[in-house]
Amino acid sequence: MEIKQGDVFTWERSFTVEEVLQFAEITGDKGRHHMERNEEGEVMVHGLLTASIGTKIGGDMHYIAREMVMEYIRPVFTSDTISCEVTITKVKEVEGYKNVEVQSVYRNQKGKEVLKGTSYGIIRH
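Taking the working numbering, I'd label the letters of the sequence shown as residues -19 to 105.
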């Protein structure tokens, strides 16, 4: 995949209650807000699980992150559909790989930002 500054990639998905409970088992983060259903039968999705939506895009690019900085803006629940938009902000060719910087914005189905972040890493040739 050839990438250049200004390229934009998107991916969206929802998480089930079962997936949130599995993530809680894997990570050990069993905060009550992730384990107990609210009045609508939803649970709050872990922030890192929400952030993982962007890893699909990174995987498609064969991106190896070196640093990620995330700002969690509002909670995500299992009834939400979250879209992640990744914008390539910098690409620098180096021998054998590319240094890459990205910005990410995650929005719920109402268009409200739930998470945003920046990252830099490499893509090997």
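Glycine included, every Cβ here is placed at the ideal spot set by N, Cα and C.
Kindly indicate which residue of the options has the alpha-carbon position closest to the one of residue i.
{"i": "Tyr52", "options": "Trp(-9), Asp9, Leu29", "result": "Leu29"}
{"i": "Gly91", "options": "Thr61, Thr67, Gly8", "result": "Thr61"}
{"i": "Ser84", "options": "Glu75, Gly97, Thr69, Glu93", "result": "Gly97"}
{"i": "Trp(-9)", "options": "Arg104, Ile102, Ile103, Gln89", "result": "Gln89"}
{"i": "Phe(-11)", "options": "Ser63, Val94, Tyr77, Val74", "result": "Ser63"}
{"i": "Thr67", "options": "His13, Phe57, Tyr86, Gly76", "result": "Tyr86"}
{"i": "Gly101", "options": "Tyr77, Glu22, Met24", "result": "Tyr77"}
{"i": "Ile103", "options": "Arg12, Lys72, Val94", "result": "Lys72"}
{"i": "Val23", "options": "Glu(-2), Gly34, Leu95, Thr7", "result": "Glu(-2)"}
Excluding the 5 residues preceding and the 5 following residue i in the sequence, name in chain order all residues of the same chain whose CB lies nearer than 6 angstroms to its CB.
{"i": "Phe3", "result": "His26, Leu29"}
{"i": "Ser99", "result": "Ala45, Met48, Val82"}
If you follow the beta strand (DSSP E) that residue i is in, where does it begin and where does it stop?
{"i": "Met48", "result": "43 to 52"}
{"i": "Glu73", "result": "61 to 74"}
Taking DSSP's pairing of strands, which residues face residue i in a bridge?
{"i": "Leu95", "result": "Tyr52, Tyr86"}
{"i": "Ile33", "result": "Beta-bridge pairing links Ile33 to no other residue."}
{"i": "Ile103", "result": "Tyr43, Lys78"}
{"i": "Met24", "result": "Phe57"}
Using C-beta distances below 7 angstroms, list every residue in its chain close to residue i, excluding the 5 sequence neighbours before and after it, in chain order.
{"i": "Asp9", "result": "His26"}
{"i": "Met41", "result": "Met(-19), Ile(-17), Ile103"}
{"i": "Met50", "result": "Ala31, Leu95, Gly97"}
By the DSSP assignment, the alpha helix (DSSP H) with residue i in it spans what residues?
{"i": "Thr(-10)", "result": "Note, Thr(-10): premise wrong, no alpha helix (DSSP H); beta strand (DSSP E) at -12 to -6."}
{"i": "Thr7", "result": "-3 to 7"}
{"i": "Arg12", "result": "12 to 15"}
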